[in-house]
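A.B. asks: Numbering (our numbering), first residue to last: -6 to 178.
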């Protein structure tokens, strides 16, 4: 990893941490899983850094959280967060950012904003939800159907985050994006 890549990884880990400053929303029917802005950082990391560096940023962030850094929304941190109902969502950030980065790279002929939003929906929503629902079932004993239904309450906000990712990317110069080298239409 070059110094430049390392700086970008550290910067995105810091961006994900900074998004924790936005207040979390605890929904009474969401089994202890809060609504946060941090998945926006995960989506942006996948699109702007690519799968490898994006995953490195998320792993760095999660490592600091595991070591006790209060970087999750609401000032949470420490190993305990990896033994609660949010574990699947948190660990799902890693494959989620990888899939987001891979899908974004696989769609170079689409306008950047559209491919960023699509990649964020597939990786940043679909993959993270699959991992999160599995974690919710394993940690709480909740039936799969009930866990999936409870997770649907987050869908509107997460779709807005995916659209916001697309809007951010659409407004950026092409030189700041990691994509396959195919000319834009």
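Built from N, CA and C at the ideal position, the CB exists for glycine as well. These numbers come from a predicted model, not from an experiment.
Which of the three DSSP states is assigned to residue 4 in this structure?
C.D. replies: Along the chain shown, one-based indexing puts residue 4 at 11. Looking at residue 4 - three-state DSSP - the assignment turns out to be helix.
A.B. asks: So, using beta-carbon positions, are residue 50 and residue 6 closer together than 8 Å?
C.D. replies: In the chain shown, the residue the question calls residue 50 occupies position 57. In the chain shown, the residue the question calls residue 6 occupies position 13. Yes, the pair counts as a contact, with Cβ atoms nearer than the cut-off.
A.B. asks: Rounded to a whole number of angstroms, what is the C-alpha to C-alpha distance between residue 48 and residue 55?
C.D. replies: Counting from one through the chain shown, the residue named residue 48 turns up at place 55. Counting from one through the chain shown, the residue named residue 55 turns up at place 62. A straight line joining the alpha-carbon of residue 48 with that of residue 55 spans about 10 Å.
A.B. asks: Between which residues of its own chain and residue 33 is the CB-CB distance below 8 Å, once the five residues before and five after are set aside?
C.D. replies: To locate residue 33, count along the chain shown from 1; it is residue 40. If you ignore the 5 residues before and after residue 33, its C-beta comes within less than 8 Å of the C-beta of 12, 154, 157 and 158, all in its own chain and listed in chain order.
A.B. asks: Taking C-beta to C-beta, are residue 132 and residue 85 nearer than 8 Å?
C.D. replies: The residue given as residue 132 occupies position 139 in the chain shown. The residue given as residue 85 occupies position 92 in the chain shown. Taking 8 Å as the Cβ cut-off, residue 132 and residue 85 do not qualify as a contacting pair.
A.B. asks: Any Cβ of chain D within less than 8 Å of the Cβ of residue 74?
C.D. replies: This model lacks chain D altogether, as it is built from one protein chain only.
A.B. asks: If you draw a straight line from the alpha carbon of residue 90 to that of residue 162, how long is it in whole angstroms?
C.D. replies: In the chain shown, counting from the first residue as 1, residue 90 sits at position 97. In the chain shown, counting from the first residue as 1, residue 162 sits at position 169. Approximately 15 Å between the Cα atoms of the pair.
A.B. asks: Anyone know if the C-beta pair for residue 63 and residue 95 falls short of 8 Å?
C.D. replies: In the chain shown, the residue the question calls residue 63 occupies position 70. In the chain shown, the residue the question calls residue 95 occupies position 102. No, they are not a contact pair.
A.B. asks: Since I believe residue 144 is in contact with residue 116 (beta carbons under 8 Å), could you give me their beta-carbon distance rounded to a whole number of angstroms?
C.D. replies: On the chain shown, position 123 is the one that residue 116 refers to. On the chain shown, position 151 is the one that residue 144 refers to. Not confirmed; about 16 Å, so no contact.
A.B. asks: Assuming residue 66 and residue 29 make a contact with CB atoms under 8 Å, what is their CB distance in whole Å?
C.D. replies: Mapped onto the chain shown, residue 66 falls at position 73. Mapped onto the chain shown, residue 29 falls at position 36. Indeed, because the Cβ distance is near 4 Å, the residues count as touching under 8 Å.
A.B. asks: By the three-class DSSP mapping on this structure, what secondary structure does residue -3 have?
C.D. replies: Position 4 of the chain shown, counted from the first residue, corresponds to residue -3. It is helical.
A.B. asks: Compute the Euclidean distance between the alpha carbons of residue 140 and residue 150, then round it to the nearest angstrom.
C.D. replies: Translated into the one-based positions of the chain shown, residue 140 becomes position 147. Translated into the one-based positions of the chain shown, residue 150 becomes position 157. Rounded to the nearest angstrom, the two C-alpha atoms are 17 Å apart.
A.B. asks: Pull up the CB-CB distance for residue -3 and residue 42, whole angstroms please, since I reckon it's below 8 Å.
C.D. replies: Taking the chain shown and counting its residues from 1, one reaches residue -3 at position 4. Taking the chain shown and counting its residues from 1, one reaches residue 42 at position 49. About 11 Å; that fails the 8 Å criterion.
A.B. asks: So residue 128 packs on residue 82, CB below 8 Å; how close in whole Å?
C.D. replies: For the purposes of this step, residue 128 is identified with residue 135 of the chain shown, where counting begins at 1. For the purposes of this step, residue 82 is identified with residue 89 of the chain shown, where counting begins at 1. That pair is a contact at about 7 Å.
A.B. asks: Return the residue from the list 130, 53 and 105 that minimises the CA-CA distance to residue 168.
C.D. replies: Residue numbering aside, residue 168 sits at position 175 when the chain shown is read from its first letter. Selected option, being the one with the closest Cα: 105.
A.B. asks: Tell me the residue span of the alpha helix (DSSP H) that contains residue 168.
C.D. replies: Your numbering for residue 168 matches position 175 in the chain shown. Per DSSP, residue 168 belongs to no alpha helix (DSSP H) and is neither H nor E.
A.B. asks: I need the boundaries of the alpha helix (DSSP H) containing residue 48, first residue and last residue.
C.D. replies: Residue 48 sits at position 55 when you count from the first residue of the chain shown. From DSSP, the alpha helix (DSSP H) with residue 48 extends over 31 to 59.
A.B. asks: How is the alpha helix (DSSP H) around residue 132 delimited, first residue to last?
C.D. replies: Numbered from 1 along the chain shown, position 139 holds the residue referred to as residue 132. Run containing residue 132: 121 to 133, per the alpha helix (DSSP H) assignment.
A.B. asks: To which residues of the same chain is residue 152 closer than 8 Å at the C-beta, ignoring the five residues directly before and after it?
C.D. replies: Within the chain shown, numbered from 1, the residue matching residue 152 stands at position 159. Excluding sequence neighbours, residue 152 sits near 114 and 118.
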